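Remember, my numbering sits 29 above the position in the sequence shown when you count from 1.
So the structure is just underneath, and the comments pick up after that.
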Amino acid sequence: MNYLDLCPELERHGPLFRVRLDPDLLATFLSRFDATLVTVELCHQFAVRCVRATVDAGAASERFLPVSLRQLSTADIRQIGYLFGQVSREQQGGTVQIYSSAVSAAHNDLLCSVTVMALRPMNEQRADT
């Protein structure tokens, strides 16, 4: 079991991104880790994938790092079937509003907001100094 398997591949859902959570995989993680930790990790992975999906092909090889998680709701992750992400692109990354739902069509419950930043490769950082 790899923790990166926690977040499935993205689908486009109109202007949003969507993933369907695997309840069995989620239950496996929840049996080993605290529900808040699993929720935060899932939100971070989902946000990074959403931002990566909005960048051009040249920047897609960049590494992205979640730097801020705000407004985390008290929703029970066991009751969530889908995550939806709305990305606001910024110069060095983006902010993702993450909504949760038990069904695939609704996306009105804000789960959290995650800011993701692009990391510059080490050789570019050295060139600036």
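From the three backbone atoms N, C-alpha and C, an ideal C-beta is built for every residue, glycine too.
Just so we're clear, the structure is a prediction, and the values are computed from it rather than from any experiment.
Query	Result
Beta-carbon spacing of PRO95, HIS73 below 8 Å	yes
CA-to-CA distance, GLU40 to ASP53, given in whole angstroms	20 Å
Residues that DSSP places opposite ARG49 in a beta bridge	TYR111
Span of the beta strand (DSSP E) around VAL125	122-130
Boundaries (first-last residue) of the alpha helix (DSSP H) holding PHE75	64-83
Neighbour-count burial assignment, ARG49, 16 or more Cβ in a 10 Å radius	exposed
Residues sharing a beta bridge with CYS141, DSSP	ILE127
C-beta contact flag for ARG92 and LEU33 at 8 Å	no
For VAL135, the residue or residues it bridges with in DSSP	One detail in the question is off: residue 135 reads as Ala in this sequence, not Val. ALA135 is not bridged to any residue.
Simplified DSSP assignment, three categories, for LEU55	helix
CA-to-CA distance, LEU55 to GLY114, given in whole angstroms	19 Å
Neighbourhood of VAL67 by C-beta, 8 Å cutoff - its chain only, sequence neighbours within 5 removed	LEU35, LEU55, PHE58, LEU59 and ILE106
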